[in-house]
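Chains as they are written, first to last, in my numbering: chain A, 24 to 470; chain B, 24 to 470.
Quick reminder that beta carbons are idealized off the backbone N, C-alpha and C, glycines included.
Here the structure is a predicted model, which means the values were calculated and not measured.
As structure tokens, this is what we get:
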């Protein structure tokens, strides 16, 4: 009996008879030959039906088989460099074909160009296209690699809550929901504060779940719902944090290169830059970055670009600044020691320089910008309380967070990485909305 | 130099000098000896400070060290069966001890009994207790085992959205949030419908994320926010589904037994029943289950219990029914073919018996009840549309879901498993709220 295989395994079955279950993605008729490009969830493979091999009625049906029809195909695997597909280079000679369902003829996502709104309205079908399939396969591998690395390096998964009480940093960008008799609950923007509690019981932890921003920014890099992994470590300072981050990112990139080559090639991704990702990553201080950016700004002649590149010490980086900076390096680059004023209240101050804090951002190459943001956290109770007051935050909402500095405080650090930004970088795509199965933006909560 | 180790590795370091970073959980003074029970996130280990070995001032400090103080301890590892701890049986002779922070003396979760509300109000500290630490370590292993099995069996992780448009099955148990100009969005109760779209591109998929029920039920088995894994498979019928479920559950149970023995023992869990979990699981039809339950009901003499066990064909099972049923089996038991009327609209009808559907629940032993619910899904477009009308659901909200039956429909099946119910069963705990880091119930959204 023919082995039921996944198309990703096809290279192992040359010369053998196999069965593939899937859907017709494309059909080309050449008289006595019909070429079907069939997708089975694990790849795309060319299947060749020859009139002489098949029952006449079946061959007639195959000649009229609409795109998306579900089929079960059995036949021998042949290596053929010309055969299209993902991975490509193999074809199946059709000895038997069972039509599970002949699709209706009006497939909305037929093989032609569609505008972005039409595609997004049909996301449940758009995901069947090779590009979307490839991106979301890379995404799954990124997620698996993230967890693999953390689970094998002493981190444990602690799911932090989605429904949270008081807002930590203002409510303007929070989604809110009425919560029984308890007033409003808010959808989480980060599990970090909970992670900080968790390390005191578990040493190294991570949360990995959906996070939410009710921001009105409508850019190629923003979603209202996105997935974020946030590792947090007890007994870890800023240097230790950067070491962890570079090992972590390297593992993800290298595993995607190893396992998702056909998908990346099908997306036309030039992987030469990704292949260079290995520790150590360059580390520059915010002061050094500021000097470079000031120089660039001063040298710029074009008035329009000069306006975009405007910079002075103390500013956070905009997208054009990040691109200029990262273009100077082959690998992702760490920028550490940002001005205290542009970062969150809980960051450890730089010893002897309170205007600077022990924060670090990791910027991806090729204009993909910040993919990780992290810091060493403030470990002193009184200093933290002072900051909470300075930021006009309600101390009672932070009572439990302050407890962590009273009962066994330790130096500790952590970072967050947005999955969709990482996937966009690895796949080399323009718009983050393709890096998540069902994107949510300010204009879209469907399907 | 002493190796920095995790307490879970201690058996490998007998006779060697090690360093452990952690917190003082308990202290017992015996004149010239101080016994510290130290937790490092990976275990609990006894550390013995002998006055003669240490600087006098340091020994004085150790004698007064409050619970939860953070410390770095260096010294030789000795095997000693009497030594308490998790795993226990080893101790460290203190050669050096560095106090990172002496905790304040008023630790709220000191070693005494606390009421449930007090413990829940201090969840950020309660998680440091050995029982909570052990349960949440088991939870992390359950999650890792779930993903490991799925990732190595052809499933890919597709995150389905948390913010969803129209309510699928009534809005009374849904949390809602205003969504910009798009009206209300609702927090997901299940990713299943999206999973069904995803299998047509990826074959086998799973989502694994938080799900929400704004239910007013206040039982030991309900949370308003809980984590659920939902696998879904194309080209899979009810029998195939049960095979997958029993392999999946077996893998989780066996991995927890293998890796979390010390934690389960510390919880006092009798693991003999868990050790028997292996395929095949018993499979009984709802009809057979109904016959057993009717017999039990008829035989019951106690009027109060008889009222609880009231049963007739067509009813869904209550908790007492599940307990009675599962007490008859050594392993988890499948009950399949429930009445169509008590199950969701999308389940495939039983051939020739439309009053019954191709659903299956998996019931855990020892009174832990349903841990998985699943079914073969309806694959026929017209029948599905009819059901949507019968259930008074808005067909336009299901237009995309109906599309899946027009363009390459295939037999397909899936199930959902609630992580916290599984963890409660494996740990043998009474209340589901201990199986999640920060439980959310109708009365609680803090901390």
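Check whether the Cβ of residue 180 of chain A lies closer than 9 angstroms to any Cβ atom in chain B. yes
Inspect the beta-carbon positions of residue 353 of chain A and residue 303 of chain A and report whether they are closer than 9 angstroms. Not in contact: residue 353 of chain A and residue 303 of chain A (Cβ atoms no closer than 9 angstroms).
Report the neighbours of residue 451 of chain B on chain A: residues whose CB is nearer than 8 angstroms to its CB, in chain order. Residues of chain A passing the Cβ test: none, with the nearest at roughly 21 angstroms.
Quick check on the DSSP output: the alpha helix (DSSP H) that includes residue 416 of chain B runs from which residue to which? In the DSSP assignment, residue 416 of chain B falls outside any alpha helix (DSSP H), carrying neither H nor E.
Residue 147 of chain B, DSSP secondary structure in three states: helix
Cross-chain neighbours of residue 123 of chain A in chain B, by beta carbon under 7 angstroms: Those within 7 angstroms of residue 123 of chain A in chain B are 433.
So, are the CB atoms of residue 441 of chain B and residue 249 of chain B less than 9 angstroms apart? yes
Just by C-beta distance, which residues in the region 146-167 of chain B are closer than 7 angstroms to chain A? Taking 7 angstroms as the Cβ-Cβ cut-off against chain A, the residues of the region 146-167 of chain B that qualify are 147, 148, 150, 151, 156, 159, 160, 163, 166 and 167.
Determine the closest residue to residue 63 of chain A out of A:183, A:216, A:393 and A:42, with distance taken between C-alpha atoms. A:42
Sequence ranges, alpha helix (DSSP H) only - wholly within the region 199-237 of chain A, length at least 4: 215-225
Secondary structure, beta strand (DSSP E): runs of 3+ residues fully inside the region 420-448 of chain B: If you keep only unbroken beta strand (DSSP E) runs of at least 3 residues inside the region 420-448 of chain B, you get 435-441.
Going by DSSP in three states, residue 257 of chain B sits in which element: helix, strand or coil? Under the three-state reduction of DSSP output, residue 257 of chain B falls in the strand class.
Given residue 145 of chain B, which residues of its chain have a CB within under 6 angstroms of its CB, disregarding the five upstream and five downstream residues? Excluding its 5 nearest sequence neighbours in each direction, residue 145 of chain B has C-beta neighbours in its own chain below 6 angstroms: 131 and 132, listed in chain order.
Could you compute how far the alpha carbon of residue 167 of chain B sits from the alpha carbon of residue 176 of chain B? 14 angstroms
Assigned secondary structure, residue 75 of chain A (DSSP; H/G/I helix, E/B strand, else coil): In the structure shown, residue 75 of chain A sits in a helix (DSSP, three-state: H, G or I).
Let me check understanding here. Comparing Cα to Cα, which of B:390, B:68 and B:399 lies closest to residue 363 of chain B? B:399
Under 9 angstroms, do residue 115 of chain B and residue 101 of chain B count as touching if we go by C-beta distance? yes
Considering only the alpha carbon of each residue, which of A:361, A:386, A:284 and A:346 lies closest to residue 109 of chain A? A:284
Which of the three DSSP states, helix, strand or coil, is assigned to residue 300 of chain A? When DSSP states are grouped into helix, strand and coil, residue 300 of chain A belongs to the coil group.
State the Cα-Cα distance for the pair residue 202 of chain B and residue 229 of chain A, rounded to the nearest angstrom. Approximately 29 angstroms, taken between the alpha carbons.
Would you verify that the beta carbon of residue 279 of chain A is, or is not, closer than 9 angstroms to some beta carbon of chain B? no
Any chance the region 263-271 of chain A sits against the region 291-298 of chain A, with 3 or more Cβ pairs inside 8 angstroms? no
Is there at least one Cβ from chain A nearer than 9 angstroms to residue 429 of chain B's Cβ? yes
Taking Cβ-Cβ distances shorter than 8 angstroms, what residues in chain A pair up with residue 260 of chain B? Neighbours of residue 260 of chain B on chain A: none; closest Cβ ~12 angstroms, over 8 angstroms.
Rounded to whole angstroms, what's the CA-CA distance from residue 434 of chain A to residue 29 of chain A? Just pull it up for me. 49 angstroms
Examine chain A for any beta-carbon lying closer than 9 angstroms to the beta-carbon of residue 468 of chain B, and answer yes or no. yes
C-beta neighbour in chain B for residue 213 of chain A, strict 9 angstroms: Not an interface residue.
Taking 8 angstroms as the limit between beta carbons, can you name the residues of its chain near residue 56 of chain B, skipping five residues before and five after? Excluding the 5 residues flanking it on each side, residue 56 of chain B has same chain C-beta neighbours closer than 8 angstroms at 71, 72, 73 and 74, in chain order.
Below 7 angstroms between beta carbons is the criterion; list the residues of the region 103-131 of chain A that meet it against any residue of chain B, in chain order. 123, 124, 126, 127 and 130
Could you tell me which chain A residues have their CB closer than 7 angstroms to the CB of residue 202 of chain B, listed as they occur along the chain? 468
Residue 274 of chain B to residue 455 of chain B span [Cα, whole Å]: 22 angstroms
Extent of the continuous alpha helix (DSSP H) run through residue 153 of chain A: Counting along the chain, the alpha helix (DSSP H) containing residue 153 of chain A begins and ends at 153-174.
Using a threshold of 9 angstroms, state whether the C-beta atoms of residue 147 of chain B and residue 470 of chain B are closer than that. yes
Could you confirm whether any beta carbon from chain A is found closer than 9 angstroms to the beta carbon of residue 188 of chain B? yes
What is the DSSP secondary structure of residue 142 of chain A, counted as helix, strand or coil? It is helical.
Since residue 95 of chain A contacts residue 39 of chain A with CB under 8 angstroms, what's their CB separation in whole angstroms? So it is not a contact: roughly 17 angstroms between Cβ atoms.
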